[in-house]
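Participant: Chains as they are written, first to last, in our numbering: chain U, 1027 to 1138; chain V, 46 to 158.
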Amino acid sequence: KQEVTQIPAALSVPEGENLVLNCSFTDSAIYNLQWFRQDPGKGLTSLLLIQSSQREQTSGRLNASLDKSSGRSTLYIAASQPGDSATYLCAVTLEGAQKLVFGQGTRLTINP
Amino acid sequence: DGGITQSPKYLFRKEGQNVTLSCEQNLNHDAMYWYRQDPGQGLRLIYYSQIVNDFQKGDIAEGYSVSREKKESFPLTVTSAQKNPTAFYLCASSWMANTGELFFGEGSRLTVL
Chain U
1027 KQEVTQIPAA
1037 LSVPEGENLV
1047 LNCSFTDSAI
1057 YNLQWFRQDP
1067 GKGLTSLLLI
1077 QSSQREQTSG
1087 RLNASLDKSS
1097 GRSTLYIAAS
1107 QPGDSATYLC
1117 AVTLEGAQKL
1127 VFGQGTRLTI
1137 NP
Chain V
46 DGGITQSPKY
56 LFRKEGQNVT
66 LSCEQNLNHD
76 AMYWYRQDPG
86 QGLRLIYYSQ
96 IVNDFQKGDI
106 AEGYSVSREK
116 KESFPLTVTS
126 AQKNPTAFYL
136 CASSWMANTG
146 ELFFGEGSRL
156 TVL
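1. Could you name the residues of the segment 47-68 of chain V whose beta carbon sits closer than 7 Å to any beta carbon of chain U, in the order they occur along the chain?
2. Measure from the C-beta of F148/V to each C-beta in chain U and report whether the shortest distance is under 8 Å.
3. Please state the DSSP three-state secondary structure of D75/V.
4. Helix, strand or coil, according to DSSP, for D83/V in the structure here?
5. Report yes if the CB atom of L1120/U is closer than 8 Å to the CB atom of A1055/U, and no otherwise.
6. In chain order, what residues of the same chain have a beta carbon less than 6 Å from the beta carbon of L1047/U, not counting five sequence neighbours either side?
7. What ranges does the beta strand (DSSP E) occupy inside the segment 86-148 of chain V, keeping only unbroken runs of at least 3 residues that lie completely in it?
8. In chain U, what lies closer than 7 Å to G152/V by C-beta?
9. Using a Cβ-Cβ cut-off of 7 Å (strictly less than) and excluding sequence neighbours within five positions of S1072/U, which residues of its own chain qualify?
10. In this structure, how does DSSP classify D1110/U when only helix, strand and coil are distinguished?
11. Cβ closer than 8 Å: which chain U residues qualify as neighbours of L90/V?
12. Under a CB-based cut-off of 8 Å, is Q1060/U close to chain V?
13. Would you kindly check if the distance between the Cβ of E1082/U and the Cβ of L1075/U is under 8 Å?
14. Can you check which of these residues, S52/V, G47/V, E114/V, D83/V, is closest to D64/V by C-alpha distance?
15. Just to check my reading of the structure: V1118/U and Q1028/U have Cβ atoms closer than 8 Å, yes? What is that Cβ distance to the nearest angstrom?
16. When the cut-off is 8 Å and only beta carbons count, does L121/V lie next to chain U?
17. With DSSP as the reference, identify every bridge partner of S1050/U, one or two as the case may be.
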């Protein structure tokens, strides 16, 4: 059974810092991995999608990497801003499966 | 604007009542999903549909029912058989089942009184 873990559960950093969020998964036979952002009481917003054949994806100040062999992905946020405060979730799709498996998220707080 | 619309945003229900949550998308996506989110438990899949008139149970389908009569609509009914229905419900869609980016609605919060 695929399990997705995000550590830490919560993170608080001062504005301007670069930071890394971690996501690990137990089964390396994945089809893709997605990073999402969720603001309190809201739905999820897709940030980056990495196909299994890719090593990384970039969007603005965000960079996501994928290492299938080690079962890890990281989300790098450069020059953090208070508006980046949210919960960040990763999710993987197993090859041949029809659903995503989500981690429990990392709640990020950027302090002005 | 393309997107997913969920309604109502907030819903209160008495025990023993069935309620239906609406989910409509205008993204022309084939696949649609319903997730439940509880504090500390992440998102869990209730039902999903890859095509009109077809749907499959997810991990926690007991006490729920769905229909997919139109491509753009995937309503979820929370029945009285669901033991603990108070939760945040999220609808999502993708171009094809799990081959692309997943888009979410804003969610519906159901509270059972």
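All C-beta atoms in this analysis are idealised placements derived from N, C-alpha and C, irrespective of residue type, glycine included.
Facilitator: On the basis of the data shown:
1. none
2. yes
3. Three-state DSSP puts D75/V in coil, outside helix and strand.
4. strand
5. yes
6. For L1047/U, where only same-chain residues beyond five positions count, the Cβ hits under 6 Å are L1101, Y1114, T1132.
7. Correct list: 87-96, 99-102, 109-111, 121-123, 132-139.
8. K1068, G1069
9. Leaving aside the five residues that flank S1072/U on each side, the residues in its chain whose CB is nearer than 7 Å to its CB run, in chain order, Q1060, F1062.
10. helix
11. K1125, L1126
12. It does: the Cβ of Q1060/U has a partner Cβ on chain V nearer than 8 Å.
13. no
14. The residue you asked about is not Asp; residue 64/V is Val in the sequence shown. The shortest C-alpha separation from V64/V is found at S52/V.
15. 7 Å
16. no
17. Under DSSP, S1050/U takes part in a beta bridge, and its partners are T1031/U, R1098/U.
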